Structures are given as structure tokens and as C-alpha cells.
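Trainee: Each number in the working numbering corresponds to the 1-based position in the sequence shown with 74 added. From the three backbone atoms N, C-alpha and C, an ideal C-beta is built for every residue, glycine too. Given the structure is predicted, the values throughout are model-derived calculations rather than measurements. Quick one: the structure is below, questions incoming.
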Amino acid sequence: MAGELLDQGRLGPSVGSELPLPLRRPCLMKADDKCSAAGSILTEADAQQLRDTGFVVIDGFLSDSLAATLRSEAVELATAGRMPQHRFQFGASQFAKPHIFEADLHDEVMQEALPEFANLLFDDSLAKCLELLLPDLGLEIGPRTKSLKLQRNCGRGGCFPAHYDNAGRPSRRAVTCVVYLNPDWRQGDGGELVLHPFLRKEVVVAPAMGRAALFRSDRILHSVRPAVAERFCFTIWLDSSDINRDSDCNLTAKHLSTDPLSVASLMQSPVSPRGERRPYYCCWCCCYCA
75 MAGELLDQGR LGPSVGSELP LPLRRPCLMK ADDKCSAAGS ILTEADAQQL
125 RDTGFVVIDG FLSDSLAATL RSEAVELATA GRMPQHRFQF GASQFAKPHI
175 FEADLHDEVM QEALPEFANL LFDDSLAKCL ELLLPDLGLE IGPRTKSLKL
225 QRNCGRGGCF PAHYDNAGRP SRRAVTCVVY LNPDWRQGDG GELVLHPFLR
275 KEVVVAPAMG RAALFRSDRI LHSVRPAVAE RFCFTIWLDS SDINRDSDCN
325 LTAKHLSTDP LSVASLMQSP VSPRGERRPY YCCWCCCYCA
């Protein structure tokens, strides 16, 4: 059922009846073992889904007031023409990606222009909450161990072909958290995130206001459909000290068993997409729909 609702962009709120909390609140363990962080309630069920499937989608991830404030900052920066065009390097050359603009919050100029987004960069509640619920992730804490970028897709077909956020060493990205800021998004506007879990049915996530998609950076192949309407989102990448180990990077004979338990284990392993990860990563940034 959840997959069907996701395909329609209508996934309901995550489990838990608590009211949303502002993102800047600290991580807190409730008496019922629910962790409040990032303006949402990350439950044990959320954590289990992230662990078992590699992704989880949560509606109402931000409080309404914080979501509105963040969108206002984003729109103001874009309207002033101050959001840099997304650029990427391929080999020794740099290229501009059409229709995509991004602000890197490690840039002090962007921190001044986007104070609420800067607060998110220095807020460790999400990482602490995930570390509490999923200690095996080995997440690192602090602004130097995370990245945060605000993105504007101007709606002229801008998209991202299938890629991984962590294509292998030296990347240390472990968890990707994409949060959407589009109150007027409608079916047909495009810009949906499509998750392609290994050997599983793809999941389509509509970029609705306040919705977040968290997924494993090194395990979930994903793409973004062409957008025909303006779309805003921001992405937080959390680093880990325990990623891209030799055991994660080397496909061995034991991974090739046809035993059902071995197949199930492979589906949850970072080894599973290892052979295809670099080709996707190398080509995704230079492909687009005009």
C-alpha cells in the first residue's frame, strides 16, 4: 500500500501523533522511544524502513512556519538572481547544468543571504537522532561532516538522470535527506524524485511542501524527472566514518549465491550496486532534458 501511495505522491504522515517540532530543536528521546528531530518525528518504524529498504519518506517533516520561512528565503534569493547556476566537473573541464541553480551553505556569502538555511547547517539534531536510532551507520557529528545545498529547478525541463550520491571512495556520504518546499505543486508539474532500490520496484516521490525523502547515499540509485514548473528543495548529506570499507567495495563469490537469504542480504548490501555505481555517477551530471 505504501508504495502505491508514494507512486501517486499521496503518502500520509509518518507514524506518530506528536505535533511537528521546529528543525532547530535538539534531538530528544521521548518516553515512548520516539526521536524528535528536523521538525518531524523519526520513529523506530522510520528507522527500520531506512535500514531495511534503504529509504523512508516522511510528510510534515518541517513545521509549517519553518517550511514557509525557508521557502521565502529561497524565493527571495532566486528572485534577486543571486543563486549560482549548478556546475559540475567532468575530467579536467567544468560545465554548467541547464535550468538548475544551487546555493552551497558552506559558502559564507550564502550563509548571510540564507540565515535559516545556515541554522540547518549548524544544527546536528537530525544526525544525532539517526545515530541514536541507527548507530551502525557510524554518522559523524558537526557542520564539517555534512553538506547542505538549496536547489532551484526553474521548470524548463531540468532533471537528473539516475545516479548515486556516493559513487565510492573518497566520498563519505552515508545518508541523503531531500526536503521539498513547493506548496503549489500539482500532478503534471514534474520534478518528482524516483528511487530505484536494487531489485525492487521503483518509488516515485512527489515534491510536495514539507515532504522529506531520506535514503542511503551509497545504496539507492535515484533520478529526478523533468520539471515543467519551478521547484525548490534542499538536500542534507550526512557523512560516516564507516562507509566505503573494503567489504563494501569488493564483490566476492559469496555475494553471488542464489539462496533466497543470500539474495535478500545482497539487496540490502552496499556491494549490490557497486559494479554499476561508477558508470551512473560519471554520466548523470552531464545528461539532461532540454
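What are the start and end residues of the alpha helix (DSSP H) that includes F306?
Mentor: Along the sequence shown, one-based indexing puts residue 306 at 232. Premise fails: F306 lies in the beta strand (DSSP E), 305 to 313, not in any alpha helix (DSSP H).
Trainee: How is the alpha helix (DSSP H) around P189 delimited, first residue to last?
Mentor: Counted from its first residue, the sequence shown places residue 189 at position 115. Its alpha helix (DSSP H) spans residues 189 to 195.
Trainee: To the nearest angstrom, report how far apart H180 and E205 are at their CA atoms.
Mentor: Looking up residue 180 in the sequence shown gives position 106. Looking up residue 205 in the sequence shown gives position 131. Spanning the two alpha carbons is a distance of roughly 23 Å.
Trainee: For the stretch 268 to 276 against the stretch 190 to 210, are there 3 or more C-beta pairs whose distance is under 8 Å?
Mentor: The stretch 268 to 276 vs the stretch 190 to 210: no contact.
Trainee: What are the uninterrupted segments assigned as beta strand (DSSP E) that are 3 or more residues long and contained completely in the stretch 144 to 208, given in chain order?
Mentor: Qualifying beta strand (DSSP E) stretches, in chain order: 159 to 164, 167 to 178.
Trainee: Whole angstroms are fine: how far does the CA of F306 sit from the CA of G155?
Mentor: Stepping through the sequence shown from its first residue, residue 155 is reached at position 81. Stepping through the sequence shown from its first residue, residue 306 is reached at position 232. Computed Cα separation, rounded: 15 Å.
Trainee: For Q261, which of helix, strand or coil comes out of DSSP?
Mentor: Taking the first residue of the sequence shown as position 1, residue 261 is located at position 187. Coil, per DSSP.
Trainee: In this structure, how does DSSP classify L365 when only helix, strand and coil are distinguished?
Mentor: Residue numbering for the chain in the displayed model covers 75 to 364; residue 365 lies beyond these limits and cannot be assessed.
Trainee: Give the DSSP bridge partners of Q132, in chain order.
Mentor: Working through the sequence shown from its first residue, we reach residue 132 at position 58. The question names Gln, but residue 132 is Ile in the sequence shown. A286, per the DSSP bridge assignment.
Trainee: Just to confirm the assignment, what range does the alpha helix (DSSP H) spanning A119 have?
Mentor: Working through the sequence shown from its first residue, we reach residue 119 at position 45. Element bounds for A119: 118 to 127.
Trainee: Buried or exposed: which applies to I215, given that a residue is buried once 16 or more other Cβ atoms fall within 10 Å of its Cβ?
Mentor: Taking the sequence shown and counting its residues from 1, the one referred to as residue 215 is at position 141. When all chains shown are included, I215 counts as exposed.
Trainee: Checking the sheet assignment: what are the DSSP bridge partners for T250?
Mentor: Indexing the sequence shown from 1 puts residue 250 at position 176. DSSP output for T250 lists F289, W311 as bridge partner(s).
Trainee: Classify R161 as buried or exposed, calling it buried when 16 or more other Cβ atoms lie within 10 Å of its own Cβ.
Mentor: Position 87 of the sequence shown, counting from 1, holds the residue named residue 161. Flag for R161 reads exposed.
Trainee: In or out: D210 buried (at least 16 other Cβ within 10 Å) or exposed?
Mentor: The sequence position of residue 210 within the sequence shown is 136, counting from 1. Counting Cβ neighbours within 10 Å, D210 comes out exposed, since fewer than 16 surround it.
Trainee: Hey, D313 and K220: beta-carbon distance below 8 Å or not?
Mentor: Within the sequence shown, numbered from 1, the residue matching residue 313 stands at position 239. Within the sequence shown, numbered from 1, the residue matching residue 220 stands at position 146. Yes, these two residues count as a Cβ contact at 8 Å.
Trainee: With a cut-off of 8 Å on the beta carbons, I'd call E147 and E190 a contact; round off their distance for me.
Mentor: As a position in the sequence shown, residue 147 is number 73, starting the count at 1. As a position in the sequence shown, residue 190 is number 116, starting the count at 1. Confirmed, Cβ separation roughly 6 Å.
Trainee: If you draw a straight line from the C-alpha of H173 to the C-alpha of Q123, how long is it?
Mentor: On the sequence shown, position 99 is the one that residue 173 refers to. On the sequence shown, position 49 is the one that residue 123 refers to. Between H173 and Q123, the C-alpha separation is close to 33 Å.
Trainee: Out of V253, G212, G262, which one is the CA nearest neighbour of R125?
Mentor: Locating residue 125 in the sequence shown gives position 51, where the first residue counts as 1. Nearest of V253, G212, G262 to R125, Cα basis: G212.
Trainee: H296 and L267 - do their beta-carbons sit closer together than 8 Å?
Mentor: Position 193 of the sequence shown, counting from 1, holds the residue named residue 267. Position 222 of the sequence shown, counting from 1, holds the residue named residue 296. Yes; because the gap between Cβ atoms is below 8 Å, this pair is in contact.
Trainee: Quick one: what does DSSP say R226 is sitting in, helix, strand or coil?
Mentor: Numbered from its first residue, the sequence shown carries residue 226 at position 152. Of the three classes helix, strand and coil, the one that applies to R226 here is strand, per DSSP.
Trainee: Nearest to L222 by CA position, among V183, L208, P235, A177, is which residue?
Mentor: Position 148 of the sequence shown, counted from the first residue, corresponds to residue 222. It is A177.
Trainee: Starting from S297, trace the beta strand (DSSP E) in both directions and tell me its first and last residue.
Mentor: Position 223 of the sequence shown, counted from the start, is the residue given in the question as residue 297. It spans 295 to 298 - the beta strand (DSSP E) in which S297 sits, taken as one unbroken run.
Trainee: Enumerate in chain order the residues of its own chain whose CB-to-CB distance from E276 is below 7 Å, with the five nearest sequence positions on each side excluded.
Mentor: Start at 1 with the first residue of the sequence shown, and residue 276 comes out as number 202. Cβ neighbours of E276 beyond the five flanking positions: V268, L269, H270.
Trainee: Suppose you measure from the CA of P217 to the CA of A303; what does that come to, to the nearest Å?
Mentor: Residue mapping note: residue 217 aligns to position 143 of the sequence shown, counting from 1. Residue mapping note: residue 303 aligns to position 229 of the sequence shown, counting from 1. Computed Cα separation, rounded: 32 Å.
Trainee: Kindly indicate the opening and closing residues of the beta strand (DSSP E) around A236.
Mentor: By 1-based counting over the sequence shown, the position of residue 236 is 162. Unbroken beta strand (DSSP E) run through A236: 234 to 237.
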